[in-house]
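Peer 1: Heads up, the final residue of the sequence shown is numbered 497 in our numbering, and it's a clean run with no missing numbers.
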Amino acid sequence: MNRREFIKLAIGGAAAVMPNYGCSVDASSKATAERPNIILIMADDLGYGDISCYGSKKIRTPNIDALARGGLKFTDYHSNCPVCSPTRAALLTGRYQQRSGIEGVIYAKGPTRQTGIALEETTFAEVLKKRGYVTGIFGKWHLGYNVEFNPAWQGFDEFTGYVSGNVDFHSHIDGAGFDDWWKNLQKIPEEGYCTDLITKHGVDFIQRHKDKPFCLYLPHEAPHSPYQGRQDPPERLSGGRKGKKAKGDEITRAYKEMVEVMDEGIGRIVETVRRLGLERKTFIFFCSDNGATKNGSNGALAGYKGSLWEGGHRVPAVAYWPGRIKAGTTANQTVLGMDLFATMMSIAGAKPQAGMKLDGVDLLPMLTEGARLTERMLFWRYKKEKAARKGPWKLLVQSNQSKLYNLDEDLSEKENLAKVRPEIVKALEDELAAWEQEVSAGVELRA
Ligand SMILES: [Ca+2]
51 MNRREFIKLA IGGAAAVMPN YGCSVDASSK ATAERPNIIL IMADDLGYGD
101 ISCYGSKKIR TPNIDALARG GLKFTDYHSN CPVCSPTRAA LLTGRYQQRS
151 GIEGVIYAKG PTRQTGIALE ETTFAEVLKK RGYVTGIFGK WHLGYNVEFN
201 PAWQGFDEFT GYVSGNVDFH SHIDGAGFDD WWKNLQKIPE EGYCTDLITK
251 HGVDFIQRHK DKPFCLYLPH EAPHSPYQGR QDPPERLSGG RKGKKAKGDE
301 ITRAYKEMVE VMDEGIGRIV ETVRRLGLER KTFIFFCSDN GATKNGSNGA
351 LAGYKGSLWE GGHRVPAVAY WPGRIKAGTT ANQTVLGMDL FATMMSIAGA
401 KPQAGMKLDG VDLLPMLTEG ARLTERMLFW RYKKEKAARK GPWKLLVQSN
451 QSKLYNLDED LSEKENLAKV RPEIVKALED ELAAWEQEVS AGVELRA
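Put into structure tokens, the structure is as follows:
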């Protein structure tokens with residue numbers, strides 16, 4: 051049975067099995083012990099100033115802080131985009147999202163609801179699965195709503211969670227009023243607070259697969275709207291009815307709780323790894339998918355989610371791996387979410403497939419030995435904004451106006467140096483134009 055036949059059957063309600071779609075799995079091979087486990091945890095809309103190890107005085111995150119203390123904290127980690135879907139496309143494929151045509155949010159309402167990331171794209175889950183890993187995603191997908199875009203077709207053995215940009219934390223109804231809680235290829239409702247369910251399934255996955263190499267991807271919903279704590283009422287009710295919506299101080303209170311409950315869950319994940327004796331053979335990475343909205347904090351950074359000011363995409367990130375990553379390390383090199391793909395391949399000892407061209411680079415030598423990355427240009431593009439980065443220099447193009455900042459001296463992007471250093475502006479503009487040409491040539495825009 052091929053994928054299309056399967057989908058026909060599944061849509062017709064006749065099938066409830068997981069597909070076996072031809073990746074050769076080698077989980078039983080003797081090399082199992084040499085393949086470290088990988089746990090990738092991503093928050094949603096968590097800003098640079100939203101957790102205590104990044105300076106928050108309001109929100110307490112002892113478990114993420116412990117990972118940073120016992121591992122490595124990035125000061126210059128960036129999501130590929132200041133919004134959800136494109137960041138995830140880049141993270142999953144290891145390439146600029148412009149190459150897969152996911153340049154915008156795949157919305158619950160409107161025409162993009164019918165779109166999704168192309169199945170021809172190769173995800174880290176597919177590569178790791180071929181390498182004999184068991185792969186699981188619990189939480190937010192946001193790379194296509196229809197069942198034909200389900201994570202099952204992109205290398206994930208197990209999926210529980212939601213496919214939209216956000217669900218009600220209690221009723222699991224999406225922004226367009228649809229029930230959105232899945233188990234693999236089927237919508238199967240489950241009682242519980244979204245963040246706690248993500249943690250529960252993550253813990254369960256680790257326990258069930260403790261003897262195999264596993265890759266656990268935990269894309270959390272917190273602290274994305276709707277702003278709801280564990281005891282708050284649902285905002286979205288069945289039949290399109292509306293419940294009570296948080297306002298003002300209630301948002302502030304709920305936001306704090308949402309981050310802290312996620313942190314508590316991360317503590318349970320780490321505790322499970324430790325209890326099972328897997329700590330030294332498990333790489334744990336935590337990051338956010340874009341900067342905070344005005345309801346959160348981006349610390350000293352300018353701008354918010356949705357913009358290419360630093361606050362839109364410079365976010366917290368922590369790597370933890372006892373015995374491999376030195377405790378208490380701070381990394382100030384500039385890295386992007388798309389680098390995780392090559393890094394995970396390196397950790398797993400997976401070889402690139404023929405013809406595979408990644409934009410991201412392997413961070414492992416930097417994480418474990420403090421190696422310097424080769425100097426490179428980095429780019430962002432979202433809606434009408436563009437940015438290019440080389441070393442401390444950042445070109446920011448807004449409404450066709452070029453601004454230039456030296457981020458080493460001016461993290462808050464207050465002093466536009468475009469008139470002072472026109473030669474740097476010109477060089478970065480040229481690089482940006484060449485990149486745009488190269489990255490979008492012949493690409494079908496999907497979102
Ligand atoms: Ca987001």
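Glycine residues also receive a C-beta, built at the ideal position from the N, C-alpha and C atoms.
In this text the structure is predicted, and so the values were computed from the model without any measurement.
Does ligand 1 have even one heavy atom less than 7 Å from the beta-carbon of V133?
Peer 2: Taking the sequence shown and counting its residues from 1, the one referred to as residue 133 is at position 83. Between ligand 1 and the CB of V133, the shortest heavy atom gap is smaller than 7 Å.
Peer 1: Can you tell me whether H274 sits near ligand 1, meaning its C-beta is under 7 Å from at least one heavy atom of the ligand?
Peer 2: The residue you call residue 274 lines up with position 224 of the sequence shown. Yes - ligand 1 has a heavy atom lying nearer than 7 Å to the Cβ of H274.
Peer 1: Measure the alpha-carbon distance for G182 versus F264 and round it to whole angstroms.
Peer 2: Here residue 182 corresponds to residue number 132 of the sequence shown, with the count starting at 1. Here residue 264 corresponds to residue number 214 of the sequence shown, with the count starting at 1. If I take the Cα positions, the gap works out to 8 Å.
Peer 1: If you draw a straight line from the alpha carbon of L495 to that of S150, how long is it in whole angstroms?
Peer 2: Taking the sequence shown and counting its residues from 1, the one referred to as residue 495 is at position 445. Taking the sequence shown and counting its residues from 1, the one referred to as residue 150 is at position 100. Cα to Cα, the separation comes out at about 8 Å.
Peer 1: If you count every other CB in all the chains shown that lies within 10 Å of the CB of T380, and 16 or more means buried, which is it?
Peer 2: For the purposes of this step, residue 380 is taken as residue 330 along the sequence shown, with counting starting at 1. Counting every other CB atom within 10 Å of its CB across the protein chains shown gives T380 a total below 16, marking it as exposed.
Peer 1: When you compare only the Cα positions, how much space is there between Q383 and L457?
Peer 2: Looking up residue 383 in the sequence shown gives position 333. Looking up residue 457 in the sequence shown gives position 407. Cα-Cα distance, rounded: 12 Å.
Peer 1: Return yes when at least one heavy atom of ligand 1 lies under 7 Å from the C-beta of N345, else no.
Peer 2: Translated into the one-based positions of the sequence shown, residue 345 becomes position 295. The answer is no for N345.
Peer 1: Within the same chain, show all residues whose beta-carbon is closer than 6 Å to that of D313, passing over the 5 residues directly before and after it, in chain order.
Peer 2: The residue given as residue 313 occupies position 263 in the sequence shown. Contacts found: T111, N113, I114.
Peer 1: How do the region 339-356 and the region 91-103 stand: do at least 3 beta-carbon pairs fall below 8 Å, yes or no?
Peer 2: Segment contact: the region 339-356 against the region 91-103, three or more CB-CB distances shorter than 8 Å; contact assigned.
Peer 1: First and last residue of the beta strand (DSSP E) that includes R431?
Peer 2: Position 381 of the sequence shown, counted from the first residue, corresponds to residue 431. Segment 428-432, the beta strand (DSSP E) holding R431.
Peer 1: So is V177 buried or exposed if we call it buried at 16+ other beta carbons inside 10 Å?
Peer 2: In the sequence shown, the residue the question calls residue 177 occupies position 127. When all chains shown are included, V177 counts as buried.
Peer 1: Does the beta-carbon of V470 have 16 or more other beta-carbons within 10 angstroms, so that it is buried, or is it exposed?
Peer 2: Within the sequence shown, residue 470 is the residue found at index 420, counting from 1. With fewer than 16 Cβ atoms within 10 Å of its Cβ, V470 is classed as exposed.
Peer 1: Say the cut is 7 Å; is the CB of D339 nearer than that to a heavy atom of ligand 1?
Peer 2: Within the sequence shown, numbered from 1, the residue matching residue 339 stands at position 289. Because some heavy atom of ligand 1 lies under 7 Å away, the Cβ of D339 counts as near it: yes.
Peer 1: Give, in chain order, every unbroken run of the alpha helix (DSSP H) that is at least 4 residues long and sits entirely within the region 214-260.
Peer 2: 244-258
Peer 1: Considering only the alpha carbon of each residue, which of E310, L122, E481 lies closest to K107?
Peer 2: By 1-based counting over the sequence shown, the position of residue 107 is 57. Looking at the Cα atoms, E310 is the closest of the given residues.
Peer 1: Between which two residues does the beta strand (DSSP E) carrying P86 extend?
Peer 2: Taking the first residue of the sequence shown as position 1, residue 86 is located at position 36. Note, P86: premise wrong, no beta strand (DSSP E); not H, not E.
Peer 1: Check each candidate in L454, G293, H274, T343 and name the one with the smallest Cα separation from P283.
Peer 2: As a working note, residue 283 is residue 233 in the sequence shown. The residue with the shortest Cα to Cα distance from P283 is G293.
Peer 1: Starting from the Cα of A367, find the closest Cα among L358, G353, W359, D389 and give me that residue.
Peer 2: Position 317 of the sequence shown holds residue 367. Minimum Cα distance to A367 is reached at D389.
Peer 1: Short check: CB of D94 to CB of H270, under 8 Å?
Peer 2: The residue labelled residue 94 in the question sits at position 44 within the sequence shown. The residue labelled residue 270 in the question sits at position 220 within the sequence shown. Going by C-beta atoms, D94 is nearer than 8 Å to H270.
Peer 1: Alpha carbon to alpha carbon, what distance is there between K306 and I109?
Peer 2: Walking along the sequence shown from the start, residue 109 turns up at place 59. Walking along the sequence shown from the start, residue 306 turns up at place 256. Spanning the two alpha carbons is a distance of roughly 6 Å.
Peer 1: Quick check on the burial criterion: 16 or more other C-beta atoms within 10 angstroms. Buried or exposed for P161?
Peer 2: Within the sequence shown, numbered from 1, the residue matching residue 161 stands at position 111. By the neighbour-count rule (16 or more Cβ atoms within 10 Å), P161 is not buried but exposed.
Peer 1: Could you say which of G327, A404, N340, T332 lies nearest to A140 if we only look at CA atoms?
Peer 2: Sequence index remark: in the sequence shown, residue 140 carries index 90 (1-based). Among G327, A404, N340, T332, the Cα nearest to that of A140 belongs to N340.
Peer 1: What residues in its chain sit with their C-beta under 8 Å from that of P276, if we drop five residues either side in the sequence?
Peer 2: Sequence index remark: in the sequence shown, residue 276 carries index 226 (1-based). Scanning its chain for C-beta atoms nearer than 8 Å, with the 5 sequence neighbours on each side dropped, one finds around P276 the residues N216, D218, F219, E285, R286, K295, A296, in chain order.
Peer 1: For ligand 3, is there any heavy atom lying closer than 7 Å to the beta carbon of D230?
Peer 2: Ligand 3 is absent from the structure shown, which contains only ligand 1.
Peer 1: Does F206 come out as helix, strand or coil in the three-state DSSP assignment?
Peer 2: By one-based count along the sequence shown, residue 206 stands at place 156. Collapsing the DSSP output to three states places F206 in coil.
Peer 1: Can you tell me whether I238 is buried or exposed? The criterion is at least 16 other CB atoms within 10 Å of its CB, across all chains shown.
Peer 2: For the purposes of this step, residue 238 is taken as residue 188 along the sequence shown, with counting starting at 1. Exposed: under 16 other Cβ atoms inside 10 Å.
Peer 1: Give the DSSP-derived three-state secondary structure of I316 in the structure shown.
Peer 2: As a position in the sequence shown, residue 316 is number 266, starting the count at 1. In the structure shown, I316 sits in a helix (DSSP, three-state: H, G or I).
Peer 1: Evaluate R85 with the Cβ neighbour count: other Cβ atoms within 10 Å of its Cβ, from every protein chain shown; 16 or more gives buried, anything less gives exposed.
Peer 2: As a working note, residue 85 is residue 35 in the sequence shown. Counting Cβ neighbours within 10 Å, R85 comes out buried, since at least 16 surround it.
Peer 1: So, are the CB atoms of I256 and G315 less than 8 Å apart?
Peer 2: Taking the sequence shown and counting its residues from 1, the one referred to as residue 256 is at position 206. Taking the sequence shown and counting its residues from 1, the one referred to as residue 315 is at position 265. No. Outside cutoff.
Peer 1: Would you report the Cα separation of Y245 and Y212, rounded to the nearest angstrom?
Peer 2: The residue labelled residue 245 in the question sits at position 195 within the sequence shown. The residue labelled residue 212 in the question sits at position 162 within the sequence shown. According to the sequence displayed, residue 245 carries Thr and not Tyr. One C-alpha to the other measures close to 12 Å.
Peer 1: Under the three-state reduction of DSSP, which class applies to P269: helix, strand or coil?
Peer 2: Along the sequence shown, one-based indexing puts residue 269 at 219. The answer is strand: DSSP assigns P269 an E or B state.
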